[in-house]
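Below is one structure; the comments refer to it alone.
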Amino acid sequence: MVVIWRSPGIEEVDKVVKDEPGPTVDSKELAFKVIQPSEIEAGTQLEQIVAAVQDELPRLPEDGQVLAQALRRRLTADFGTVWHVVAGTDFVIEAAEDRRNFLMVSIGKLRVVCFQHEQFMGSGGLLSMIDWNKILQSIPYFLMIVLCFLYMTLTNLCQEGRGEVKLQIGKRLQAYMCSDDWENNLGMLGACVLGSSFCMRKVRLMRDAQNKKAR
């Protein structure tokens with residue numbers, strides 16, 4: 135069985151936790167073992183998660199699906215959202231790229247995999263999904279594209295010998311944009327766009343260099 139997780143954007147924490155009846159895992163005869171990660175630093179949140187899983191498993195049912203649901207509620211209540219938990223004896227899981235607190239443990243033949251998936255902040259709405267750094271980096275390229283279209287438009291409207299403009303909107307644009315020094319104005323605008331593109335690229339390279347030094 136192959137399990138591929140796709141996390142929801144926002145998850146609300148359940149306030150009411152119900153215990154599921156059924157036979158429980160016998161931890162006295164079965165050894166609890168952490169498979170991944172191989173090393174856990176003391177005092178970290180992951181160490182607390184391992185302790186919570188080890189404490190919770192003996193009280194949970196043997197059924198893998200019910201066990202996963204109950205353990206997920208415990209982890210969500212203690213460490214927040216969004217948690218994915220899979221339990222069983224034979225499965226393969228492809229965890230999300232933006233995961234954290236990934237943990238794989240075994241108790242007897244039963245394997246349990248859990249990891250926390252980053253979520254968008256509900257209060258931010260769509261704004262929390264926007265990568266503003268990428269938008270800022272793409273602004274110079276967008277301005278250059280606009281400049282190219284503007285140059286072609288002004289060339290067709292304002293250059294002498296192009297003939298009379300028939301469309302009414304074209305005549306209005308011609309009267310508004312085709313001044314005597316339109317070529318100089320377009321050249322100044324192009325220089326500003328190229329200068330801002332160069333400056334933003336320089337700032338980004340300097341910031342990346344500082345981040346590498348900080349690491």
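Residue numbers for the sequence shown follow the working numbering, so the first one is 135 and each next one is one higher. Glycine residues also receive a C-beta, built at the ideal position from the N, C-alpha and C atoms. These numbers come from a predicted model, not from an experiment.
Pairing Val216 with Gln250 gives a Cβ-Cβ distance under 8 Å.
The three-state secondary structure of Ala221, taken from DSSP, is strand. According to the DSSP secondary-structure assignment, Pro171 is paired through a beta bridge with no residue.
Ser313 and Ser272 have their C-alpha atoms roughly 31 Å apart.
Counting only residues of its own chain and dropping the five nearest sequence neighbours on each side, Leu307 has a CB closer than 7 Å to the CB of Leu291.
For Met340 and Val200, the gap between their C-alpha atoms comes out near 52 Å. Here DSSP, grouped into helix, strand and coil, assigns Val216 to coil. Asn267 and Glu231 have their C-alpha atoms spaced approximately 20 Å apart. In the structure shown, Ile183 falls within a helical segment according to DSSP collapsed to helix, strand and coil. Judged by DSSP secondary structure, Leu237 falls within the beta strand (DSSP E) whose first and last residues are Arg233 to Ile241. With 16 or more neighbouring CB atoms inside 10 Å of its own CB, Val239 falls in the buried class.
Partner residues in the beta bridge of Cys248, as assigned by DSSP, are Val219 and Leu237.
Closest in C-alpha terms to Glu190, from the list Phe166, Thr178 and Ile174, comes Phe166.
Ranked by how close their Cα comes to the Cα of Val246, the residues Met286, Val168, Ser330 and Ala343 have Val168 in first place. Sixteen is the threshold: when 16 or more other Cβ atoms of the shown chains lie within 10 Å of the Cβ of Cys248, as they do, the residue is buried. Under the 10 Å beta carbon count, Thr178 is surrounded by fewer than 16 other beta carbons and is classified as exposed.
Under DSSP, Phe166 shares a beta bridge with Ile241. The continuous alpha helix (DSSP H) containing Gly304 extends over residues Gln302 to Met311.
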